[in-house]
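One structure below.
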Amino acid sequence: MNSIESYIQILKQRGKTDSTLELASEVLGHYHEFVRDQAMSLESVRSYCARHIAGKPDAADRIVVLFWYADHIKSKESGTYLVTLLGTLGVIESQRRRLIRLYGEEASVQVFSELTMPQLGSDLDAYPQAVTNYLQRMAEVLEPGSCQKVLAGNHHEVNPEAFREDKELWQQSGDLDEFLKQKHQRLVARLQEHADTGKLWFEQYITQEVVDYVKEHQEIQTGIRQGDRIIVSKIPYNPDAWLKESDPLLKRFHACHCPFTRFSILTETPVPDLWCYCSGGFTKLFFDYLYERDLEVELIESVLSGGESCRFAIKLPD
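Following this line, the structure appears as structure tokens:
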């Protein structure tokens, strides 16, 4: 029994449906026919997705199948890339809906008419120019603050109810600073678990060095209150490589999470950092849920414009 057949049996034991098993057999068989070996190199995965998945109506399901297999054989680079590909799913469509809700259908038509974006599964280096064009169109139609507001939404459509337990703890605490301190301790404990088990944490594989670094920097992922603002730094996309990297350009590349923009960092014309307000919307979502309102967020530092990391200030309500 070859490795693909063995893996299909594993999926069957996990209770996957017949249609999922059929798709997995098709995708993995075709992938290995494409690369003609059992490996999953990052280069091969990128090429396969761009040539054989992009544009298919079930592209997301096919990417998920490849990710499962990459994770199974411990192909970390490929697995991370596949998760990142999925990070493009639905984002632009969500921004369009928010633009309509805030500024009307006519503004949306002006921004999005004849705008072309890569299809899900396209190589990530296809996105930066399309995003730059999109931002230019938006800036021609809306004021700068309005562009920021459109971008700073929950465009990954995270269910805010995921924060219910934290909100209850915050309400019980009554002290925001102490709550943030304890929240950070819980984050460090989760990271330690992932470092110990080797399981993927969102897009990242966590090392002990990463756990130790985050432990000493509460601003990362959790935030520190400064007056009426919460200052939050994003954990780097590849935190272990980021910690070890000395080249400023590569350090910025390892920091950037965004599938739409990170490859532009390695070019002479990175995507404008206005785009980072999309990440700001994701970052402030937890606090939106706590305070039950759409809070303001300000970009303080971005790797797209030369920073070592991405930092945001979230304005607390009066």
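Numbered by this note's numbering, the letters in the sequence shown go through residues 10 to 327 in order.
Backbone N, C-alpha and C fix where the C-beta goes; we use that ideal spot for every residue, glycine too.
A quick note: this is a predicted structure, and the numbers were derived from the prediction, not measured.
- Alanine 59 counts as buried, since at least 16 other C-beta atoms from the protein chains shown sit within 10 angstroms of its C-beta.
- Contact annotation: phenylalanine 172 and leucine 294 have beta-carbon atoms nearer than 9 angstroms.
- Here the alpha carbons of alanine 264 and arginine 23 stand approximately 35 angstroms from one another.
- Shortest Cα-Cα distance from isoleucine 239 to any of Phe269, Leu304, Pro257, Lys224 involves Leu304.
- In the structure shown, glutamine 128 adopts coil according to DSSP, grouped into three states.
- For valine 197, the enclosing alpha helix (DSSP H) has its first and last residue at 185-206.
- In the DSSP assignment, phenylalanine 291 falls within the unbroken alpha helix (DSSP H) covering 286-300.
- In this structure, the CA atom of leucine 94 is about 19 angstroms from the CA atom of lysine 208.
- Along the stretch 15-83, the beta strand (DSSP E) does not occur as any fully enclosed run of 3 or more residues.
- Alanine 135: not part of any beta strand (DSSP E); DSSP gives it neither H nor E.
- Fewer than three Cβ pairs drawn from the stretch 37-45 and the stretch 95-108 lie within less than 8 angstroms of each other, which leaves the two stretches out of contact.
- Under the 8 angstroms Cβ criterion, the stretch 281-297 counts as touching the stretch 310-326, having at least three qualifying pairs.
- Taking all protein chains shown into account, phenylalanine 272 has 16 or more neighbouring C-beta atoms within 10 Å of its C-beta and is therefore buried.
- Taking every protein chain shown into account, the CB of lysine 253 has fewer than 16 other CB atoms within 10 angstroms, so this residue is exposed.
- The alpha carbon of phenylalanine 296 has as its nearest neighbour, out of Lys25, Glu170, Asp205, the alpha carbon of Glu170.
- Per DSSP, reduced to three states, the secondary structure at alanine 161 is coil, with no helix or strand assignment.
- The residue from His226, Ala139, Gly99 with its alpha-carbon nearest to that of lysine 192 is His226.
- The beta carbon of leucine 196 sits closer than 8 angstroms to the beta carbons of Val223, Gln230, Thr231 from its chain, once the five residues preceding and following it are set aside; these are given in chain order.
- The straight-line gap separating the alpha-carbon atoms of glutamate 166 and valine 92 is approximately 16 angstroms.
- Bounds of the alpha helix (DSSP H) holding isoleucine 101 are 100-112.
- A residue is called buried when at least 16 other Cβ atoms come within 10 angstroms of its Cβ; lysine 83 does not meet this threshold and is exposed.
- Per DSSP, the beta-bridge partners of phenylalanine 321 are Val241, Leu308.
- The shortest CA-to-CA distance from leucine 144 to any of Leu313, Val280, Glu307 is the one to Val280.
- Check the Cα spacing between leucine 75 and each of Gln194, Asp221, Ser87: the tightest is with Ser87.
- Across the set Glu42, Cys319, Glu307, the C-alpha of Cys319 shows the shortest separation from the C-alpha of phenylalanine 262.
- Distance check between histidine 164 and each of Ala33, Asp132, Lys190, Glu102 places Glu102 closest, using alpha-carbon atoms only.
- For the set Cys156, Met126, Ser155, Asp132, the Cα lying nearest the Cα of asparagine 142 is the one of Met126.
- Tryptophan 251 and phenylalanine 211 have their C-alpha atoms some 17 angstroms from each other.
- DSSP places isoleucine 13 in the helix class (H, G or I) of the three-state scheme.
- Glycine 130 and histidine 61 have their alpha carbons spaced roughly 8 angstroms apart.
- Contact between valine 120 and valine 140 is ruled out by a C-beta separation of about 13 angstroms, above the 8 angstroms threshold.
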